[in-house]
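Report on the following structure.
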Amino acid sequence: MGLDALLDAFLSVLNGGSLTFLMAGVLLGLTFGVIPGLGGTTALALLIPVTYTLDPLSAMYLAGGVMGATSFGGSISAILLNTPGTAPNAATCFDGYPLARQGKAGMAIGASATASALGGLIGLFTLLLFIPVAREVVLSFGSSEFFLLTVLGLAAIAVSIKGKLLRGLIAACIGLLLAFTGANQFTGETRFTGGINYLWEGIPLVPALTGLFAISQMIELALKGGSVADDATVKEAKNMRIKGVSEGVFAVFKHWPVLLRGSLIGTVIGAIPGLGGTVASFLSYSSTAQTAKDRDTFGKGNIKGVIAPEAANNAKDGGSLIPTVAFGIPGSAETAVFLGILVLHGIEPGPQILLQNEREVYGLIVALTVSAIAASVLGLIFARLLVLITRIDVNIVVPVVVTLSLTGVYVLEGRMADVAVATIIGIFGYLMIRFDYPRLTLVIAFVLGEIAERSYHQVRLISDGNVIEYMLGRPISVILIIATIVTFFLPAMRKLPWRRMVGRAI
Amino acid sequence: MDKPDPLQAPRIVTSIWPAVLLLVFALVTFVVAQGYSATSARFPSMVAGAMIVLSVYDIWSRTNLPGANTVKTFGGTGFRQREMMHNPSFANQAECLGWITGAFAMMAAIGILATSPIFCASYVRFKGNRSFAVSVGVGIGVLIFQLAVFEWALNYELYRGLFFTKGGVSAW
Amino acid sequence: MKKFLTTGATAVALVTAGAAHAEFPMDDNITFVIPYSPGGGFDTIVRQFAPAMERAMGTTVVPENISGAGGARGGQSVHRADPDGYTIGVYNIPGLTVNEVLGKDQGFKLDEVTWLANLAVATYALAVAADSGINSVEDLCALDQPAKMSDTGATSTAAVTTRITFGILGCDIVDVTGYAGSNDAMIAVISGEVNATIKPITSLAKYLDGDGGTGDMKLILTLTTEEAVPGVPTATDIGHPELAKFTLNRVIGGPPGMPAEVVSALEEGLRAASEDPEVTAWAEGAGVELEFVNAADTTALMNNLSSFYQQYKDLAAVAE
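As given, the protein sequences belong to chains A, B and C, one line each in that order.
Quick note: the first sequence uses the numbering used here, first residue 1004, plus one each step.
Quick note: the second sequence uses the numbering used here, first residue 10, plus one each step.
Quick note: the third sequence uses the numbering used here, first residue 9, plus one each step.
Here is the structure:
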C-alpha cells in the first residue's frame, strides 16, 4: 500500500479539478489564519455544511488546504502586529514582532514561510515513518504521560521568562485557575461558574486567546499611536525589506538544527491528542531559547525564535494524524473536524481507516503537503506587500482588527457570550501588558491546566494511590521526568563556573 | 506627558496595588474552592495557595521593606524589560477602553454586521482624526469583507443584535 | 416532486382545525437545532436527515448548531421559539434526563418539550481487552481489586450507565473518569490502563474481532434483552433485564404547546426521511442504528426514561 497510494494521490491532485478545491482551501486558510480570532478549526467548522455536497476526496482537499495554510497565515499577524492569528502562533510573537519593529519584518516572514513549509514536510515525512508503529506510539501515551507532559510544559514556562519570573508564575497561576472553571471532567462538579450555565464547559479557549492577544494588543497599539514599525526604522527598512525576505529563507537553512528540532517536537506533541499546536510551538521555542548560545538575544528579535515555533506549528499537523491512522481518533481539533467530514459522507472512521479509506487519508496528507508549500510561496510573493501593514496608521489597523476578531469569536460557535468573554479578557489582557505580567505564561497554563488536573486524578485511581511508583515503571514517563528535571536545572547549571569555562573553550 | 528615562517604569506600574489586587483575587478563589468536594478542591486550593505566596513576595519586592531587594534579585521582579514602554495618561486609557467596550455594546445592541462598518468608520474619523473619505472607505471595506466571506460565501448569519433577535441576553 | 405532493396532501388532509397553520410547512424554512458543534454524532444525523426531510416535506430545512452547556443551550433555544413547527431540535437523551434527575437547572423542563420522534438508538455493551483473561462479568467482579472502568465526564451518559449497572449488579468498581473522548476511554482499555468500559456497541465495533475491527477488545455483556452480538450474554441472561433500559437516543422535539396538526406533519416528514434510501444507505455505512418511533411513543419513552433514572438517582449521583 503506502507509497503507491501516496503517488496516486499526488497525481490526482495535479490533474483535474482537485487543485481548485485545494487552492480555495489555501486562500481561505491564509485569510482565516491572518485574522486573529478566526482559525483553522473555525474555517473547517464553517466548511462542513459546504463539504456536504462534495465527494469525500474533494472535501479532503478543501480541508487539507485550510489546515496546511492557517498556521503560516497566523504567523503573519504575529510578526507584524504582535497579535497571533491563531493560538499556536503566540510563541512567534516573542521574536517576530521585535524583528518587525526593527524593520526586518520581511526577513521574519521569509523565515516563517520557509520554516512552515519545511516543518510541514518534515512532519508529514515523520508521519509516514511512524505509520507502522503508530499503534505503539498511541498506546504508550497514557494518563501518566499526559500528566508529566503538562508538568514539563509548566516547568518550561518557569524557566523561559527572563527578568520577570515572579510575575510570570503569578500569571501562570491565574491561567490555571481559569482552566479549572466549569464542570470538572473528573468529578462532574461545576466550579467557579457563579451559576452561569455558559461556564459549565469552562472558559472557552478561542475567545480567551483572542481577547488576551488580539484585543489587548490593539488597546496597547491604539494608545501608542503612529504605526507598528518605529518611524526611524521605516526609512532604514526601505532597503532592508527587499533583500530581507530571502535573508529569512536562508536563515532557516543556516539554522537547520533549530528547524529539525522544532519539527520533531511538533510531530510528537501533535501526536498526543489534546495538547495541540500552542504547546508544541511553545515547547519548541523555549527549548531553542534555552539551549542556544546566544540566548540573551531571544525576545529581542532573534530569527531562530521565529523558525522554532513555526516549524513545530506546521509539523504538528502531520503528527496529529498519527492517532488518526492508528485508531481513527483525532489528534487535534482540526483532525476531529476532518473525521467529522468522513462521517458525514457515510464513512465510519476506525482503526482500519488507512486500509479502508486510503484514498481519503492520503488525499489529506497530499493536500496538507501541497498546501503548506503553496501558502508559503504565496506568503513569500506577497511578503513585501504584507510588510506594508506595519506602516499603516494604527488608527485604521485597530478598529479593523478589533471588529474582525470579535466577529471571528462569534462565528466559531455562534455565541454572543463568547464575544463578551473576549472583550472582558481583552481588557484584562491590556492591564497585564500595562502592569507587565507576561500573557503567554497565562495562556500555556490555561491550555495545560485542565489536562494536568484530570490526568493526575486518573493516574491516582489507576495506580491505586502509588502515583510515583506507577510512573517510574513506565519508560516514557521516566524520560519525561528526566526532561522536566533538566529543563528546570539547565539555567542553574549554566551559572556554574566550570560550565562557563567549557563554554568559552568551545 | 514629560519624557524621563524610558527604562524607568511609571509609578503606578511599580506600586503595590496590582499585586494587592491579585492577592485579593487569590484569597477569594482559595476561599471559594474550599466549598467544593475534596477532589475538586485540591488543585484550585494548591494553585490559589501558591498564588497567595507569590503575590505576597510580589508585594514585598515592591516595597522598601528589608529584604525587598533580595526578593527582587531572586524572583526576577525588575521592570527593565517591560513589554509596554510608553506611559499613556489615565484619560487616554479610559477613552481607549471606552471604544472597545463601546464596540461590544453596539454589537450586542444592533448586531455585528451593522456595527462593523459604523464602528470602524467612526473610530477612524473621531479617534484617528482622518478624513471623512478615508473613514467611510474603511467602513465600507470591512462591511464588504463581512458580507462576502460570512453572509454570502459561507452562508453564515452574523448576530443581528438584541433589538432584532428573540430571546434577549439568555440567547447568548 | 411527486413525493412532495403526496406528503403535502397528507399534511393538508390532517388539518382539521386552525386555518392559520394550513400552510405549514410552506410559510418559512424549518430550523433544525443541533445542540453540539459541527462534526459530531448529533450534527451528522441531522445533516443527513435534513435533505431527506426537504424531499419529503417540500420545504427547506436549515440545520443550526447551538452548542454549549452539555446540550442544554440548544434545548433552551428550541424551548424559547414559537411552537409553530418552524423550529425543532435534536436532544441529548438521556444526558439531559440524567442531569434533570440529578437536579441540575438546565433552563427548561424536559416534560414540557413537544416530542416528535425518535430517529436512532444505540445500545451499550461491556468490553474488556481481548488478551485480558477476563471472560465474564463474574471474572471482572472477582478481580483482586475493584475493577477499573474508563469514562469521559463523570456525568456523561456512559459513566452514569456504568455506575448504575454495577450498582445493580452489586459489584464494586472504580470508574476512572476524565478521558477526553469515548475513543480515548476505549484505548485506555486496550493499553491496559483500566480493565473494562461500557460504551455503545456501534462505537466498540471497530475494536472488536471481525468486520473491519482490530480485535483488540471483546464483549462480555450486552445491555440488551435479546442477543445483539452472537455468543455474548445479554442483560436477561445474567438475570437483570432492566439493564436493557440504558440506551442512547436521537430524539427530536419542539417547543412546548405545538398544535397537533403541525406535530403530525413533522412526525410524518421525519418518518419519511428515516426511510429515505440515501439516509438508510448512510446509516448502513456509518454504523448508525435507525429506529423510528412516532410522537406518542416517544413521549411515553421519555416519561419512562425519566422515572427509570429517578429510581436509580442515588446510584447515578457522583460518589465522592
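Virtual Cβ for every residue (Gly too), placed ideally from N, Cα, C.
What you are looking at is a predicted structure, and each value in this text was computed from that prediction instead of being measured.
The straight-line gap separating the alpha-carbon atoms of G1123 of chain A and A1375 of chain A is approximately 6 Å. In this structure S85 of chain C is buried. Its beta-carbon is surrounded by 16 or more other beta-carbon atoms within 10 angstroms. Secondary structure note for I1344 of chain A: its alpha helix (DSSP H) is the uninterrupted segment 1336–1347. In this structure, I101 of chain C lies away from T67 of chain C, with their beta-carbon atoms at least 8 Å apart. If the five residues before and after T124 of chain B are omitted, its C-beta is found closer than 6 Å to the C-beta atoms of M115, M116, all from its own chain and listed in chain order. Here A303 of chain C is near E275 of chain C, since their CB atoms are less than 8 Å apart.
Within chain A, the residues placing a beta-carbon under 8 Å from that of N101 of chain B are L1226, ordered along the chain. Secondary structure at D183 of chain C: strand, using DSSP grouped into helix, strand and coil.
Here the region 141–161 of chain C lies against the region 175–189 of chain C, with 3 or more beta-carbon pairs under 8 Å apart. Residue environment for K1303 of chain A: exposed (fewer than 16 other C-beta atoms within 10 angstroms of its C-beta). Inter-residue distance for F99 of chain B and A1137 of chain A is about 57 Å (C-alpha atoms, whole angstroms). Closest in alpha carbon position to I1268 of chain A, among A:S1287, A:S1230, A:L1168, A:L1031, is A:S1287. Check the Cα spacing between G262 of chain C and each of C:V41, C:G78, C:A135, C:A291: the tightest is with C:V41. K207 of chain C is bridged by DSSP to C:A133. S140 of chain B is classed as exposed because its beta carbon has fewer than 16 other beta carbons within 10 Å across all chains shown. A155 of chain C has a beta carbon lying at 8 Å or more from every beta carbon in chain A. For F300 of chain C, the enclosing beta strand (DSSP E) starts and ends at 298–301. The CB of R1387 of chain A never comes closer than 8 Å to any CB in chain C; the least such distance is about 37 Å. Interface with chain B (8 Å Cβ-Cβ cutoff): F1189 of chain A is included.
Taking C-alpha positions only, G247 of chain C is separated from P285 of chain C by approximately 39 Å. According to the DSSP assignment, T1426 of chain A belongs to no beta strand (DSSP E) but to the alpha helix (DSSP H) extending over 1419–1437. In this structure, the CA atom of V136 of chain C is about 45 Å from the CA atom of L1033 of chain A. Residue environment analysis places V109 of chain C among the buried positions, since at least 16 neighbouring C-beta atoms fall within 10 angstroms of its C-beta. Chain order gives the chain A residues near F159 of chain B as L1049, T1410, V1414, where near means a beta carbon separation below 9 Å. If you compare the alpha carbons of B:W108, B:G107, B:R71, B:L171 with that of L1169 of chain A, the shortest gap goes to B:R71. Taking a beta-carbon distance threshold of 8 Å, R258 of chain C does not count as an interface residue toward chain B. The alpha carbon of L31 of chain B has as its nearest neighbour, out of A:V1364, A:G1228, A:S1458, A:F1438, the alpha carbon of A:F1438. For the region 78–105 of chain C, the residues whose beta carbon sits under 8 Å from a beta carbon of chain B are, in order, Q84, S85, R88, A89. Here F1150 of chain A is near S1458 of chain A, since their CB atoms are less than 8 Å apart. The Cβ-Cβ distance between I1218 of chain A and T1426 of chain A falls below 8 Å. Within chain A, the C-beta atoms nearer than 7 Å to that of V56 of chain B come from C1176, L1179, L1180, in chain order. Around the beta-carbon of G76 of chain B, fewer than 16 other beta-carbon atoms lie within 10 Å, marking it exposed. If you ignore the 5 residues before and after A118 of chain B, its C-beta comes within less than 7 Å of the C-beta of G170, L171, F172, all in its own chain and listed in chain order.
A residue is called buried when at least 16 other Cβ atoms come within 10 angstroms of its Cβ; R20 of chain B does not meet this threshold and is exposed. The C-beta of V1154 of chain A comes no closer than 8 Å to any C-beta of chain B. Inter-residue distance for N257 of chain C and L1060 of chain A is about 31 Å (C-alpha atoms, whole angstroms).
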